[in-house]
Every structure is written in structure tokens, then in C-alpha cells.
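Presented below is the structure to which this report refers.
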Amino acid sequence: MRSLQDEIEAARQKCEEISAEMEETQERIRDKHEQANSFLQIVQSLENKREQLEYRQDAVNELKQTIDELHEDDRALEDSLGQYDQSMQRLQQEAEQNKKQYNELQKELAESQTQLNAKLAEQGRHQSDKDKYERQLQTRVELIHETADKYNFRGFDEDLSEQQVKAFNDRLQKLLEEKKRDLGRLQKDNSADLDKATNVITQLEGRKAAKTQDRVSAKQRMSAIDKRVMVLQNESSAISVDEGAKALLDGQLEELGGRLARLHQETEQANWDSRITEENEKQWQLEAENDKLGRELIECTRLASERAQLDYRKKELAERKRKLETLTNTWKPKLSNAVGSDWEPDTLESQFQTVVKQQTRSVEDARKHREQSRHKQQKVEYRLKNAKDTLEQKTQESAKCKRDVTDALTIVRDNAIIEDYSEEVSALESNVEELRNELSLFDALVDYYKKCKRMLETKKKCLLCDRGFEESQRASIDRLQAKIEKSLNPNGKVETEKDLKEASDSLEKLRSVRSSYDTYERLTQELPGLREEVKSIESEFDTLERQLEEQEANLATEEEKQRDLDDLSRTVLNISQVVKDIKDSENQVDRITSQQASGGMARSADEIHELQASVGEQLRGVKSRVATLTTDRQRVRDHISSLELEKSELRNQINSASGQLERKKDIQTQIQSLKDDQLQQREIIQRADADLETIEPEMAEAKSARDETLRQGRAKEQVVVGQRDEVSSSISELRMIDSDIQGYIDRGGPGNLASNQRAIVNLETAINSSKKEVDNVTKRANKLREETDNGDRKRKNISDNINYRKHLRALDTLREEIKNLEHRNAHEDYERLQGDARQLENRSNRLVAERGSVMGTMKTKDEELGRLLEEWETFYKDAKHKYRESHIRVETTKAAIEDLAQFGSAVDKAVMQFHSMKMAEVNRIAGELWQSTYQGTDIDTILIRSDNESSTGKRNYNYRLCMVKQDTEMDMRGRCSAGQKVLASIIIRLALAESFGVNCGLIALDEPTTNLDRDNIKSLAESLHKIIQTRQAQSNFQLIVITHDEDFLRHMRCSDFCDSFFRVKRDERQNSVISRESITKIF
0 MRSLQDEIEA ARQKCEEISA EMEETQERIR DKHEQANSFL QIVQSLENKR EQLEYRQDAV
60 NELKQTIDEL HEDDRALEDS LGQYDQSMQR LQQEAEQNKK QYNELQKELA ESQTQLNAKL
120 AEQGRHQSDK DKYERQLQTR VELIHETADK YNFRGFDEDL SEQQVKAFND RLQKLLEEKK
180 RDLGRLQKDN SADLDKATNV ITQLEGRKAA KTQDRVSAKQ RMSAIDKRVM VLQNESSAIS
240 VDEGAKALLD GQLEELGGRL ARLHQETEQA NWDSRITEEN EKQWQLEAEN DKLGRELIEC
300 TRLASERAQL DYRKKELAER KRKLETLTNT WKPKLSNAVG SDWEPDTLES QFQTVVKQQT
360 RSVEDARKHR EQSRHKQQKV EYRLKNAKDT LEQKTQESAK CKRDVTDALT IVRDNAIIED
420 YSEEVSALES NVEELRNELS LFDALVDYYK KCKRMLETKK KCLLCDRGFE ESQRASIDRL
480 QAKIEKSLNP NGKVETEKDL KEASDSLEKL RSVRSSYDTY ERLTQELPGL REEVKSIESE
540 FDTLERQLEE QEANLATEEE KQRDLDDLSR TVLNISQVVK DIKDSENQVD RITSQQASGG
600 MARSADEIHE LQASVGEQLR GVKSRVATLT TDRQRVRDHI SSLELEKSEL RNQINSASGQ
660 LERKKDIQTQ IQSLKDDQLQ QREIIQRADA DLETIEPEMA EAKSARDETL RQGRAKEQVV
720 VGQRDEVSSS ISELRMIDSD IQGYIDRGGP GNLASNQRAI VNLETAINSS KKEVDNVTKR
780 ANKLREETDN GDRKRKNISD NINYRKHLRA LDTLREEIKN LEHRNAHEDY ERLQGDARQL
840 ENRSNRLVAE RGSVMGTMKT KDEELGRLLE EWETFYKDAK HKYRESHIRV ETTKAAIEDL
900 AQFGSAVDKA VMQFHSMKMA EVNRIAGELW QSTYQGTDID TILIRSDNES STGKRNYNYR
960 LCMVKQDTEM DMRGRCSAGQ KVLASIIIRL ALAESFGVNC GLIALDEPTT NLDRDNIKSL
1020 AESLHKIIQT RQAQSNFQLI VITHDEDFLR HMRCSDFCDS FFRVKRDERQ NSVISRESIT
1080 KIF
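With numbering that gives the first Met the number 0 applied, the sequence shown has no gaps in its numbers, which climb one by one up to 1082 at the end.
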């Protein structure tokens, strides 16, 4: 590490030397660049001067081509340029004054022309007003004559005065009021008749809504019933038990009971125990003949097996035929209803499958028809929806248009209806046109009435007819003066303008709703057709809906039939399977019978015994009888136990089947009730449909009557409205004409014509004078513009000459400066200094590379030194202390392992000693219980053996149960009967509980008598009685026995230890019930 540190220090010194040399080189490079930059400024200045020389030379050439060279000196040219500026300023001022005068003349000329145009237009209006006035007088007279003839007004045949006109207007107004009163009375009567017809329709619609609601409620109830029936049918289908199955179970239970009774009777009659005892006493005398009797017994057993098999097959055949008969009798009505009365069990399955296929096709056809009707109904429903939407949209649009038009009409006239629209528009258009004419002639009328007034005041004459008035005609003079004063009223024109504005606004409002009125007229014609179309589609929709309901009901019926067939499918399958089983059993019986017939007749056991008695082979007979009696006894006991267990299971199955049948009957009852309810709902729908079919014609008739009443009332109203409108139109026409006539007179129309003509002549003279002045001003402005243009060109030429001479002087200056810079040779000096700087930069780069190499080497060695220092700190700094500590730990661990090995061996020996002691105790208790319980002689005692298996280093024990006979041990697995296994299991459990359960006195036995004969059951009960007596002093001792063998409990004498027990049974709903009963019920 020290040599490595010296190398790092040497590299650091070399790096510092290279860095110092690099700094010196960089300083020299900076000096060279500064000197080169100073020469570079001279080079760049030379380049700039040359570019300026080229630019100014181009400018001089361009100026020389565009100017006219002048020979005056610069001062003279600058003086001329100053004088031209003053002259141009003067010309500019004169041009501005001339332009201002021209604009004033143009403005005066435009004003005069505007006034002339207004006067000319006014002249035309005055002349038009005069012509219209004369026409209005004639029209009023003709209108009064025509109206008087129309309404039989007398006294208005010839020329009419103002009083007669006024009287005619009053009579016409009274006639209008009468027509309005008649219209009001008629509308009231029509409204009453329409209300009566509408009430009838309302009542019918209420009845229709009630019937429709009944129909909808019935359909909803039917839908709910269908859902509930589906749920109940699924629940019923889930119950696999039927009456046939229960009958089979009852038959099997009855047969099983008979077999048990026969077996018990045979057992009592056989008296096997005493007979076996007697034969055992003779056994020592007859052992010599044992072999021959054994062979004979084996042969007899074989033949008995075949006969037993034949009997079993015959019983099985009879049982299957009885099962077939039970199923056939139970399900015959339903199967006959489904497939016909001519069915047989052999052909039932094929006939049933044919019926199922036919029913499936029927369901598919019904579903197909239902889907077709539903598709048609959906199409019609879509058409109905579109038609209703269109009707509603157009009805709303019609109502909106009617409302808009009515609102606009109400502004014009109160109580106006939409039918008055055309008349009101025509009347307003005429009124606006008349008001415009009256307004245009108002000034002329004012002048005319002024002339009339002067004529009346000076000459007592009428200006129009030149008729004079006497002093006695003062009243006529006063009326004429009043009329003239009224026409000269200055507010008349304002009122006329106001009336024109109001009439124009009203007309514009009515015109703005023209499209709404046209739309209303069009929709009024379209809506009846749309309503009829909606009614037609609704009728079609109702018909399709009834058809769909019928088809849905048909589909429901077919599906119900299919579900009934599905329910019967399991029964058909059972019957078919039973038929197949019967055929199989018959084949088995025939096969065994033929085998026995081909093998000849075999002797029975009784014949063998007779033969042995006759030949003196009593020993073999005795042994055969002992073996036969023992085997028969055990066989009968096993058979009885299995039959009792089978009987218990059959009882449980019967109880379960009874509960399921009760549930199924309850479900069928609910289904039938729901079907009856569904039929009632269908009848409600049919009655509602019948009522709706009768209500529809009544509604149509009532609506027709209402429409007829409405039509007749509107027709009568239209007649009266027409009469009223005719009178109103006549009044309006007369009023407009009177207003036009009076307005023309009030405006002084005749006098306005001459004054307007004089004003026109004066304006034409003023316009001609103004046009001459405008021409003079225009000529003077053109002359000034020409002088200004010439002055600008001359001034520009002088200015360009001055600039040209300045550029020439600047060119001479630039050439002199370029010549001086070229003599300094700055470019060569710049290139030389740049070369020196590049050489120094190359040397600096080499030094940088060398320093980088040295620094890299130094960094690598520095990292190596750091790694070595870290390794020293990590591994070698406290190595001596760590080694001593590890050595002490190893030695201590060795001592601890040896101690633990000694302790483990001691514990293992103690455990094995305890294990051996406990196993000996368990075997002793088990032997005592076996000898006191087991009544047979083939097993003296039982015990548990444990084999130690330590091949994997762990101690494993393999426990096995052994039986002992005359000091010979054998494994009980595979060598003992089921009853011996059960008894041994119970005894081992009791022994383990006795040995290990000192502080836990709980023992539970579940069905301990299974597969035990009566002697062993009795012995087990007595042993348990002794165990209870022995341990009843223990405070926590408790024995739990779960059994169905009440004899076992009686042998235990439970009444000595307890007063009650718990019984578990099923109630009528197949639910488990636990009840506490007195122990005395067993004894």
C-alpha cells in the first residue's frame, strides 16, 4: 500500500507540472488571438470600404441616368430649391381655397336638388289627393245607395247631405249591434247543446277506461299467476317422489316386515343354542369321521347356494312384477290421458316419445304463431305511435298557429276570431293605402281650405261650386266655416300620421303571422284525416292484441301439456326400466333352471344326514349339523340385522316420501287454484272485451252526434257572423271613405297645388345658377393642379443634382481610404498570427490528453488504495479478537450438543417406559373387557401391538390390533367378522378412555350394537353397566350412547343411573324433533 501511495504522489506532481505548462500555453494563445483580432479589424474595415464604394458607385450611375445635369454651383441650386418651395406652398393654398369653394357650391346644389325633388313629389301627391277626393265622394254615395237597397233603408235614394249620411251611419250601427246580440244568443245555445253531447262522450269514455283498467288488472294478475305457476311447477318437478314410488316403498316395508317375522319365527323354532350345545358335547366322539362329512357338507352348500340364487331370482322377479303392477295402476289414468288407453308397458316408451315429439311441435307452432302476431302487433304499435306523435305534433302546431294569429287579431280588434284574418288584412291594407294618400295630399287640402275660407269671408261664396250665401243663410255659413276650421286644424296631419303608423303596425303584425295562418288552414284540413287514421290503427292494434292474448293463452296451454309430459317422463322411464329388469330376471331364472336340470338332481342336507344314519357315519352328521346350525344361526342373525337396518332406512324413506308427496299435493292444489283464478281473469278480460266492443260503437255514435251538433252550430254561427261581418264591413268602408273625405278637406288640399308649383319654379332657377359657378371653380382647380405637377418635377431634378454631386465627393473619399488600408498588408499579418495560435492550441490539446492519462492512472490507483483500506477495516483490523471469540463459541456449542443428547436419550427412555406401561394397561383393560363381553370361543382375548419404525431418523409407531387364541397372536385385519370388528373397536375405545381419560370422563358411543349378535350385545351392555358402576364416583364422568336398540338399553339397566333420555324422530313434515322422555318407557 505504501508503494502504491508513492506512485500516486508522483503522478500528482506530474499532473501539476502539465497543468502549469497548459496555463502558460493558454496565455500565449490569448496574446496571439488579440494581435490577430487587431489586424482583423483593419481587414474588415477594408472590406466595408470597398462595399460602400461599390454601393455609392451604383447610386451615382442610377442618378446620372435619371437627371438633367445643371451647370450652376451648389449654392445657386440650393437657392433655387428654396424659392420653389415658397411658390409651391402658395399654389397649394390657392388649391385648398378653390376646393373649399367647390364643396360649398356642391352642397348648395344638392340641397336645392333635394328640395326640388321633394316639391315635385309633393306636387304629385297633391294632384293625386284631389283626384282621390273626387272619387271618394262618388264612391260614398254609391256605397250608401247599395247598402240602403241591401238592408231596405228608405230615404237614401238621391243626392245625400251630411245629415243624411250621419243618419245612415247611425241606422247601420244599430243593425250591427242587433247582429252581435243574435250571434251571442246563438253561441250560448250551441255551447249548451255541445256540452250535452260532450257529457255523453265523457260518460262512455269513463266506462271504457274502467273496462280497460279491469282488463289491464286481469292481464297483470294472469302474468303474476303464470310466474307463480311456473315456480310451483318447477318446485313440483324437483320432487322426484310420486304415489307409485311410495306404494313400492310401502310394499317393500310390508314384505320386509313379513320376512323379519318369518326369520324371528324360524329362529325361535330352530332353537339353535340348545342344539349346538348338544352337538358340541358329542363332537369329541365323532372327530374320526370329520373329513368325509366336511366334503359332503361343502357339496351340499354349493347346491344350496344355487338353489338360494334361484329363489333370490324368483323373488326378485316377483318383486319387479309387483313394482310394475304398482306403477301401472298408479299412473294408468295420467298415462292413458297422455298417450291413449291402448298402451302397453313394453311399447309405452316409444308411444310416449311420439306424443312428446308431437307436443313439442305443437308448442313450437304455437310459439311461432305467437311471435308472428307479436311482430305484427309491434309493427302496428310503431305505426300507431308515429301517427299519435304526428297528430299531437300537428295539433300543438295548429293550436300555436291559431294562438299566434288570434293574438295578432286581438291587437287589431277585440273578440276577433281566426276566421276574420283575411278580412282584417284586406281592410287594413285599404285603410293604410287611404291614409298614405290622405297624408300625401294633406298640404294641398290645407291650401285649398284656406282659399275656401278667404272666398267665404270676402265674397260669401263657395270656392268649389261658386254658389253664394245670403245673410239669411247664416246657419249654412256657420257650418261651412266650422268645417273649414276643422280641416285647417294643424293637429289633423299629426293625427293622420299617428293613425297611419298604428294601421301600418297592425298590418305588419298581421302579415308577420301570415305563415302561421296558412299553416293553421292546412293543418285544419289534415287533422281530421289523421284522427281517423289513429282510430283505425287503434282498432287494428286492439284486434291484434286480443289475437296475441288468445295465442299466448294457447301457448300457455300447450306448454302446460308439455310440462305434464315432462313430469310423466320420469315415470315412463321407471316403467321401461322395470320392464327391462323383469326381462333380465326372467332370463336369469331360465338360465339357472336349465343349469340345474342339466346337472341332475342333488341331495339335500337332510338326505345326507339320513344316508349317514343309515351307513353309521354319525360323526360327520354331527359336525355337519353343528357347522350348519352355527352358520345358519349367524346367517340368520346377520340377515335379521341387515333387514332391521333396511327396515329403518325404508321407514325413513317412506317418511321422507310422505312429506314430499304432501308437499307435491299441496303444490298441485295451489297450481289448480291459480289455474282457476287464471280462468276467472280470462273471463274478466273476455267480458271487458265484449263491453269494449259495445262501448266503441256507442262512443262513435256519440262523437258523430257531437260533431254534427258542432257542425250545425258553427254553420248557424257562420251565417250570423257573415251577416254581422257584412254590416261591419259596410260600416268600416263608410268610415274610411268619410275619414278620407274629411281629411282631404281638413288638410286644405285644393290650395296646396298652386303654392307648390311656384316653389318648384324658384328652385329650378337657383339650381341653374349654382351649376354655372361650379363649372368656373372646376376650371380654375385644373389649372392650379397642372402648375403644381410641373413644379414638382423641376424641384426633384434640382434635388437629384445636389445628391449626385454629394455621392461623387463621397466616392473620392472612399477611394483614398481604401488605398491607405491596402498599403498596410493587414491580411498577411492576420494569417500569420492565426497559424501561430493554431500551433499553440494543438500543443495545449496534447497536454490536456497527457494530463487526462496521468489523472486516470492516479484515480485508478487511488480507488485501489481505497479498496485495500476498506478491506483492512472490514476483515483484518480485529481478526485476532474475532478468532478467539469464534473458538469459544464453537467449544460451547459442542458441550451444549452433548448435554442435549444425554437429556434427549433420558427423555426418550422415560417416554418409552411410559408408553410401554400405558400400552400394557390398555391391553390389560381390553383383555378383561373382551373376556367379560365376547361370548364366542374362537378368540380368547385381544391386544394392541406397536412396531417401532426408525428408518428415517424419526421415531414412528405402527399400531395394529391382534387377537389371541391359545397363546397364538394373529392380526385381526381380514380375519374377523363385522360384529367382532365393532365389538373390538368399542372395547379399544373404552380401554383408551379408561387408561388416558382419568381427568376427562367423557365417553361417546354411536350405534355400538351394529353387526353384534344378541349374546355379544347383552355382554357389551353388562360390561358398560360395570364400567359405569366403577367410575360413577368420578365427578366428571359422562357416558353418551346413541342407538336405536332399546333391548341394548334394557340390558344396560340404565334406570340405575339416569331418569330420562332424549329421543330423536321426524314429525309429519319430515323435520327432526328432539324430545326428552322418561327412562321407564323402555322397561
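Just so you know, even glycine gets a beta-carbon here, dropped at the ideal spot from N, CA and C.
Each of Tyr956, Glu544, Lys173 and Arg29 was checked against the Cα of Ala836, and the nearest Cα belongs to Arg29. In the structure shown, the three-state DSSP call for Met229 is helix.
Contact check for Lys560 and Gln357: beta-carbon distance about 10 Å, past the 8 Å limit, so the pair fails to qualify. In this chain, the alpha helix (DSSP H) harbouring Leu1019 covers Arg1013 to Arg1030.
From the listed residues Ser236, Ile1039, Thr570 and Ser372, the smallest Cα separation to Ala1003 is found for Ile1039. Between the segment 175-191 and the segment 640-647, the count of Cβ pairs shorter than 8 Å is below three; the stretches do not touch. Residue nearest to Asn573 within the set Ile1081, Glu133, Gly243 and Arg845 is Gly243 (criterion: CA-CA distance). Between the C-alpha atoms of Ser1022 and Gly256 there is a straight-line separation of about 32 Å.
The beta carbons of Leu316 and Ser584 sit closer together than 7 Å. Rounded to whole angstroms, the gap between the alpha carbons of Asn233 and Ile924 is 59 Å.
Look at Ser514 here: in three-state DSSP terms it is helix. By the Cβ rule, the segment 522-533 does not count as touching the segment 316-331, because fewer than three pairs are nearer than 8 Å. Under the 10 Å beta carbon count, Ala1020 is surrounded by 16 or more other beta carbons and is classified as buried.
The DSSP-derived three-state label of Ile694 is helix.
In this model, Ala426 and Gln392 are separated by some 33 Å (Cα to Cα).
Contact annotation: the segment 1005-1018 touches the segment 978-987, with at least three C-beta pairs closer than 8 Å. Gln965 sits in coil when the DSSP states are folded into three classes, being neither helix nor strand. For Arg1065, DSSP records a beta bridge to Ser1071. DSSP places Asn414 in the coil class of the three-state scheme, outside both helix and strand. The beta carbon of Val571 sits closer than 8 Å to the beta carbons of Leu334, Leu347, Glu348 and Phe351 from its chain, once the five residues preceding and following it are set aside; these are given in chain order. If you draw a 10 Å sphere on the C-beta of His1050, you find 16 or more other C-beta atoms in it, and that means buried. Taking a C-beta distance under 7 Å as the contact criterion, Val910 and Thr940 do not qualify as a contact pair. Taking C-beta atoms as the reference points, Leu408 and Ala398 fail to come closer than 7 Å. At least 7 Å separates the beta-carbon of Ala365 from that of Glu549. The beta carbon of Leu252 sits closer than 8 Å to the beta carbons of Lys646, Leu649, Arg650 and Ile653 from its chain, once the five residues preceding and following it are set aside; these are given in chain order. When C-beta atoms of the segment 692-701 are compared with those of the segment 195-214, three or more pairs fall below 8 Å, so the two segments count as touching.
Counting only the Cα atoms, Cys961 lies some 21 Å from Phe913. Taking the CA atoms as reference points, Asn102 sits about 11 Å from Thr777. Distance from the Cα of Trp342 is smallest, within the candidate group Ser575, Lys207 and Ile410, for Ser575.
Contact annotation: Leu832 and Gln34 have beta-carbon atoms nearer than 7 Å.
Sequence-distant Cβ neighbours of Gln587 in its own chain, meaning closer than 6 Å and more than five residues away, are Arg312.
DSSP links Gln1037 through a beta bridge to Leu1001.
Going by beta carbons, Arg1052 and His1024 fall inside the 7 Å limit.
Listed in chain order, the non-local C-beta contacts of Gln965 below 8 Å within the same chain comprise Asp939, local neighbours out to five positions each way being set aside. By the C-beta density criterion, Arg723 is buried, having at least 16 other C-beta atoms within 10 angstroms. Per DSSP, the continuous alpha helix (DSSP H) segment holding Asn922 begins and ends at Ala878 to Thr932.
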